[in-house]
Structure formats: C-alpha cells, structure tokens
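Take the position in the sequence shown, starting the count at 1, then add 162; the result is the number in our numbering. Ideal Cβ positions, reconstructed from N, Cα and C, are used throughout, including at glycine. The block underneath contains the structure these notes are about, expressed in structure tokens.
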Amino acid sequence: MANSKKSDDVLDEKSSAWTQEVVTPGKLSKAVAVVLFILPSFFSKPFQRFVLRSKSGVEPQPSLNATSYLDGLRGMAALIVYMFHYSYRWYGRLGHGWGSDEADHWFLQLPIIRVIHSGRASVTTFFVISGFVLTVRPLTLLHRGQPDRLFDALGGALFRRPFRLFLPITASTAIIATLCQLNVFNRYAAPPTHANTPGQQFQHWIRSLVDLWNPFGAINGRKTRYGNPYDGNLWTIPVEFKGSVLVFLLLLALLRARCWIRLMVVATSTCWLIHREDFDMALFTGGLFLAELSIILPPARARAAPTGRWGRLLALVTRREKNARLMHLLRHAATIACFLVSLWLTGYPQDNGQKSPWYQTLSKITPTVFATNEESKQFFWLGCGSLLLFASLMYSPPLRMATASDGMSRDSDPYSPQATSLLGQSPVSNEDQGFNPAAQPLLQRPFTTRFVQYLGRHSYSLYLAHDSVNHVVCNSYLRPANAAFAQAEAAHKQLVAEGNRIVEAAALMEAAQWAYWRTFLLATFMNTLVLFCVSDLFTRAVDVNCVKMARRFQRWAWGRS
Numbered sequence: 163m164a165n166s167k168k169s170d171d172v173l174d175e176k177s178s179a180w181t182q183e184v185v186t187p188g189k190l191s192k193a194v195a196v197v198l199f200i201l202p203s204f205f206s207k208p209f210q211r212f213v214l215r216s217k218s219g220v221e222p223q224p225s226l227n228a229t230s231y232l233d234g235l236r237g238m239a240a241l242i243v244y245m246f247h248y249s250y251r252w253y254g255r256l257g258h259g260w261g262s263d264e265a266d267h268w269f270l271q272l273p274i275i276r277v278i279h280s281g282r283a284s285v286t287t288f289f290v291i292s293g294f295v296l297t298v299r300p301l302t303l304l305h306r307g308q309p310d311r312l313f314d315a316l317g318g319a320l321f322r323r324p325f326r327l328f329l330p331i332t333a334s335t336a337i338i339a340t341l342c343q344l345n346v347f348n349r350y351a352a353p354p355t356h357a358n359t360p361g362q363q364f365q366h367w368i369r370s371l372v373d374l375w376n377p378f379g380a381i382n383g384r385k386t387r388y389g390n391p392y393d394g395n396l397w398t399i400p401v402e403f404k405g406s407v408l409v410f411l412l413l414l415a416l417l418r419a420r421c422w423i424r425l426m427v428v429a430t431s432t433c434w435l436i437h438r439e440d441f442d443m444a445l446f447t448g449g450l451f452l453a454e455l456s457i458i459l460p461p462a463r464a465r466a467a468p469t470g471r472w473g474r475l476l477a478l479v480t481r482r483e484k485n486a487r488l489m490h491l492l493r494h495a496a497t498i499a500c501f502l503v504s505l506w507l508t509g510y511p512q513d514n515g516q517k518s519p520w521y522q523t524l525s526k527i528t529p530t531v532f533a534t535n536e537e538s539k540q541f542f543w544l545g546c547g548s549l550l551l552f553a554s555l556m557y558s559p560p561l562r563m564a565t566a567s568d569g570m571s572r573d574s575d576p577y578s579p580q581a582t583s584l585l586g587q588s589p590v591s592n593e594d595q596g597f598n599p600a601a602q603p604l605l606q607r608p609f610t611t612r613f614v615q616y617l618g619r620h621s622y623s624l625y626l627a628h629d630s631v632n633h634v635v636c637n638s639y640l641r642p643a644n645a646a647f648a649q650a651e652a653a654h655k656q657l658v659a660e661g662n663r664i665v666e667a668a669a670l671m672e673a674a675q676w677a678y679w680r681t682f683l684l685a686t687f688m689n690t691l692v693l694f695c696v697s698d699l700f701t702r703a704v705d706v707n708c709v710k711m712a713r714r715f716q717r718w719a720w721g722r723s
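Structure follows, in structure tokens:
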C-alpha cells in the first residue's frame with residue numbers, strides 16, 4: 163500500500179516537490195514556528211537550511227529528477243501569465259506586432275523577446291503539460307505490462323482530479339468574496355459583485371461556485387469560456403478538467419490497442435479537434451501523443467540493450483563512437499533550432515499580427531479554417547509553438563556525451579524510468595534516484611534552477627492569486643499615477659495650443675513621463691513581492707492540504723488504509 167501511495171504523486175499534476183512542507187527545527191518555540199510558517203519560504207528557508215547544515219555539516223540540496231523541468235516550465239508559464247495581465251492593462255500596445263504601426267517599434271514587441279509577456283501562449287503550454295503528465299505514467303505501466311497498477315493509477319487520477327483542481331479555487335474565491343464584502347476592491351478597481359449583507363454575498367459566492375464546479379457544463383474551448391465573477395481567469399479550470407477526462411477516456415478506450423493504432427487514433431483526434439477549432443482539447447491530446455512518443459522513442463541516449471525496431475536502428479547508427487558524436491551534435495542542432503522556432507511561434511502577436519513583418523508570412527499560410535479572424539490565427543500558431551517547445555525540451559541531449567570519467571558508461575541512461583518520478587517514485591535525492599545533473603539535457607537546465615523550481619512549486623497559487631493582487635496592490639499605485647499623467651497630457655496640449663510655450667510643454671511632459679515610470683517600477687516591485695508572499699502562503703496553507711485531502715478521501719472511498 164505504501165508503494166501505491168507513492169505511485170499517485172505525479173498524477174496530481176504536481177511532483178512531490180510541490181507537497182513539501184516547511185521543515186521547522188525541533189527545538190524552536192511554537193511562536194517561532196508560527197512566524198516561520200507565515201513568512202514566505204524564500205525568507206524562512208535560508209534560515210532552515212542554515213540550521214540543518216549546522217546540525218549535519220552538509221547543506222541540503224534541492225531534490226531533482228528527470229522531469230523536474232516540467233515543474234519549472236509550468237512555473238515560468240504562470241509567471242508569464244502574471245506579467246501578461248499586469249503589463250497589458252497599462253501598456254496595451256505590447257500586444258501589437260513589431261512594425262505593425264509607426265508607433266509599434268518597442269524592444270519588447272520583437273519576436274522571441276515577446277514570449278516573456280505572451281500570456282495566451284503560457285495557457286496553451288499549461289494544457290500540453292497536463293496532457294503529458296497525466297498520461298505518461300499509465301502509458302509506462304501499460305508498456306511494462308502491469309495492468310493492475312495501471313487501472314489503479316487511472317482510476318485514482320480520475321477520482322482525485324476534480325478535487326485537485328476545484329478545492330483550491332473554492333478557497334481562493336472565498337477569500338476574494340470576503341475581501342469584496344469588506345470593500346477592499348472598491349477603492350481601486352471595478353470589483354466582483356458586492357452584496358449589501360454578508361449573507362447575500364455568501365449566497366452569490368455559492369451560486370458562482372456551483373456553476374464553476376459543474377462538470378456537465380458546456381465548454382467549447384475559449385469560445386464559451388465562463389468568467390467567474392470573483393476571478394475571470396478561472397475559465398481555464400473547467401477546460402483543464404474537461405481535457406483531463408478526455409485524455410483519460412482516450413487512454414482507457416485504447417488500452418488494448420496496438421501501439422501504432424493508439425498513436426494513429428490520438429493523432430487523428432488531435433487533428434480533428436484542431437479542425438473543429440477546439441484548440442484547447444487538441445493540446446491535451448497532443449500531450450498524450452508526446453507521452454507515448456517519449457516511451458517508444460525515449461529521449462535518453464542509447465540504452466545498454468535496445469529493444470524494438472527503433473531501438474535496434476538507434477543501436478546500429480550509434481555503434482561507432484564517431485557516429486555517436488555526430489548524432490549527438492545533430493540532436494543539439496535540431497532541438498535548439500526547434501526551440502527557437504517554437505519561441506517565435508508562441509510569440510505570435512495578439513493584435514495586428516498580419517501587419518507585422520515578422521509574422522506576415524505566418525498569417526498568410528495559416529490554414530483556411532483558422533484564417534477567419536486574428537484570434538483563430540493566433541491560437542493555431544500558439545498551439546503549434548507549444549507542442550514544438552515541449553518536444554524540443556523533451557528530446558534535448560546533454561551538453562556533452564558521457565565518458566568514463568563521469569562515472570557512467572556510454573550506454574548508461576541517466577533518464578531511465580528508474581530515474582524519474584513518473585513511475586511512482588517520489589524524488590528524494592539526486593543520488594538515490596540515479597539522476598546525474600551533469601547529464602541533464604541542455605535546454606532543460608534553465609527550468610531546473612532554484613528560482614524556476616520555486617515558481618513551479620507555487621505555479622497554481624501564482625495563477626490563482628495574481629489577478630486579485632493586481633487589482634488591490636497595483637491599482638493603488640498606478641490608477642492615481644495614470645490620472646496624474648492624463649492631467650499632464652491635457653496641460654501639455656493646452657501649452658502647445660498657446661504657441662509660445664512649447665519648451666515649457668516639452669519639459670512638463672518629460673517630467674510627467676519620468677514620474678509615471680518611477681511609480682510604475684515601484685508598483686511592479688511591490689506588486690510582485692506581495693504576489694510571491696501571498697502565493698507562497700497559499701501553497702503551504704491551502705494547496706498542499708488540498709492534495710492531501712484528495713488523497714485521503716480516495717483511500718477512504720476505496721476502503722484502503
């Protein structure tokens with residue numbers, strides 16, 4: 163039963179690193195322990211690491227496994243969604259393609275660079291990751307011929323999925339409703355519905371929550387997205403649930419099918435969904451396709467005993483050291499090229515993409531079914547870019563080939579199933595898992611850094627909290643600053659109209675711009691700091707406990723201790 167418990171970790175779409183709690187030194191008083199819990203982990207963890215290092219003489223290292231880059235990718239996507247909603251509210255021209263207009267020549271509008279604020283691309287990346295992570299372990303068990311564990315994994319994942327998705331947003335919307343009743347939102351922005359009494363507020367919140375939890379509601383991708391009155395960004399959660407059920411049902415229906423038939427059906431389903439413009443569901447099935455591909459064509463280097471047609475072909479090509487090195491270089495060239503192309507595609511502008519010299523050709527070659535409007539064109543290329551991005555990261559080779567000096571043979575596999583948490587083993591340490599950081603794929607390295615892994619652990623909370631923090635903190639700074647800048651613009655126009663005060667008008671406008679920029683930078687710093695603190699606390703107080711609650715409820719419902 164202990165192994166079964168471990169095997170359920172990844173199917174919550176979070177690695178077990180997400181559920182790590184703050185380690186409080188045993189002799190600290192309860193008051194200090196409470197303070198450490200309330201403080202964000204990026205403040206308290208350095209102190210705890212110092213205490214643990216003092217006791218053991220060795221500084222504890224963060225746990226990594228061969229799929230940790232997926233957590234990092236998810237975390238970066240959540241941060242980009244925040245940057246998207248934060249920046250586009252005040253600088254809407256960021257959504258325009260570079261060169262689409264005389265005023266659109268900003269550095270942040272350039273291709274590839276614009277990915278850092280391409281929020282819609284981040285949402286498509288979320289869906290691809292979900293389709294992959296939710297299905298890769300059941301597929302692995304299927305290929306290993308372990309049907310008992312396979313059905314347990316599928317059933318447990320489907321059973322826990324609604325609780326994993328909807329319990330945290332129940333808590334987050336309850337907090338927002340409380341703040342709304344206390345008039346916290348009313349001071350700075352158009353708030354959610356404010357009721358006259360707490361009882362009416364509670365009833366309104368319950369009704370909105372029932373609509374959000376409804377698993378049978380009509381969801382047609384982004385066309386009929388439901389904007390919750392307490393957090394409009396929650397439209398993605400029902401889409402996540404629908405996509406999860408879709409890939410689980412596809413997998414269940416095709417369990418007994420041959421591998422090539424399963425791949426063909428999944429690929430056909432993906433193409434059909436794209437043709438029907440249900441882009442979001444196509445991304446989930448695309449993730450399922452990549453999960454199967456990662457098993458039959460593993461990203462790792464040649465294995466000691468390759469099996470199957472593809473394995474024998476790989477062994478034949480790389481049987482000589484010279485050929486192996488050439489293949490290694492070719493893989494680097496191919497994956498880096500695909501990575502850059504994927505960044506270009508995922509940066510397709512939200513507005514005026516057809517006028518931008520960097521995207522005019524893409525706009526013209528868009529399939530006819532998607533060429534009806536700019537939004538459909540963007541969704542098509544964002545989806546293609548997200549799938550290509552995932553594939554380039556998955557198949558990226560290590561920076562250099564392993565040698566005997568690395569303590570590894572050329573045929574060893576640092577990313578074998580035994581080294582990953584996707585097979586039901588919680589990541590405990592690099593050595594225990596056989597994970598060799600030196601053999602980590604090149605393109606995955608940025609996503610396994612300490613900061614990006616931190617973002618990954620808190621990505622769901624970042625997504626749930628960023629809109630409310632933007633409304634309360636950011637607006638308290640920038641709405642007055644925006645009003646002051648508008649007054650300066652009006653005064654500038656009046657001075658210019660007088661004809662003889664042009665120099666004074668220019669000085670006034672320059673001073674107003676600098677004042678606005680200073681306020682914007684201060685607001686960005688304060689807003690981001692508050693967001694990180696809130697999301698950090700929400701993860702530890704709510705998100706982690708929701709995962710545990712779902713798992714306990716499953717064990718109780720299944721009659722297992």
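Distances from the alpha-carbon of proline 377 to those of Thr355, Phe403, Lys517 put Phe403 closest. With a beta-carbon spacing of about 6 Å, serine 406 and leucine 296 fall inside the 8 Å limit used to define contacts.
The beta-carbon distance between glutamine 522 and glutamate 536, rounded to whole angstroms, is 13 Å. This is too long to meet the 8 Å contact definition. Remark: C-beta atoms of aspartate 705 and proline 391 do not approach each other more closely than 8 Å.
With distances taken between CA atoms, phenylalanine 347 lies nearest to His633 out of Leu320, His633, Ala601, Gly545. When Cβ pairs closer than 8 Å are counted between the two stretches, the segment 322 to 340 is seen not to touch the segment 417 to 428, the count staying below three. For the pair of segments examined, the segment 226 to 238 was found to touch the segment 611 to 623: the number of CB pairs separated by less than 8 Å reaches three.
The C-beta of tryptophan 718 has fewer than 16 other C-beta atoms within 10 Å across all chains shown, which makes the residue exposed. Counting only the Cα atoms, proline 519 lies some 46 Å from leucine 414.
Note that the segment 499 to 515 touches the segment 251 to 259; at least 3 beta-carbon pairs, one per stretch, sit closer than 8 Å. According to DSSP, aspartate 393 shares a beta bridge with Asn390. Within the model, the alpha-carbon separation for asparagine 395 versus glycine 389 is close to 7 Å. Shown here for leucine 374: same chain residues with a beta carbon closer than 6 Å to its own, the five before and five after excluded, namely Asn390 in chain order.
Linking leucine 270 to aspartate 629 through their CA atoms gives a straight-line distance of about 22 Å.
Nearest Cα to tyrosine 625 within the set Ser225, Tyr244, Phe328: Tyr244. Proline 511 sits in coil when the DSSP states are folded into three classes, being neither helix nor strand. Only residues of its own chain outside the window of five on either side were considered, and among them Ser558, Pro559, Pro560 have a CB closer than 7 Å to the CB of proline 603, listed in chain order.
Histidine 633 sits in a helix when the DSSP states are folded into three classes. Residues Phe294, Thr297, Val298, Leu301 of the same chain have their beta carbon placed closer than 7 Å to that of alanine 453, with the five preceding and five following residues left out of the count. Remark: three or more beta-carbon pairs, one from each stretch, lie closer than 8 Å, so the segment 680 to 692 and the segment 639 to 648 are flagged as touching. Valine 614: member of the alpha helix (DSSP H) spanning 612 to 619, first to last residue.
In the displayed model, histidine 437 falls within a helix according to three-state DSSP.
Here glycine 449 is buried: its Cβ has 16 or more other Cβ atoms, across all protein chains shown, within 10 Å. If you draw a straight line from the Cα of valine 696 to the Cα of glutamate 660, it is about 50 Å long. Just measuring C-alpha positions, the residue of Ser456, Leu657, Phe501 sitting nearest histidine 305 is Ser456. Its Cα nearest to that of methionine 443, the residue Val409 stands out among Leu416, Leu417, Val409, Arg418.
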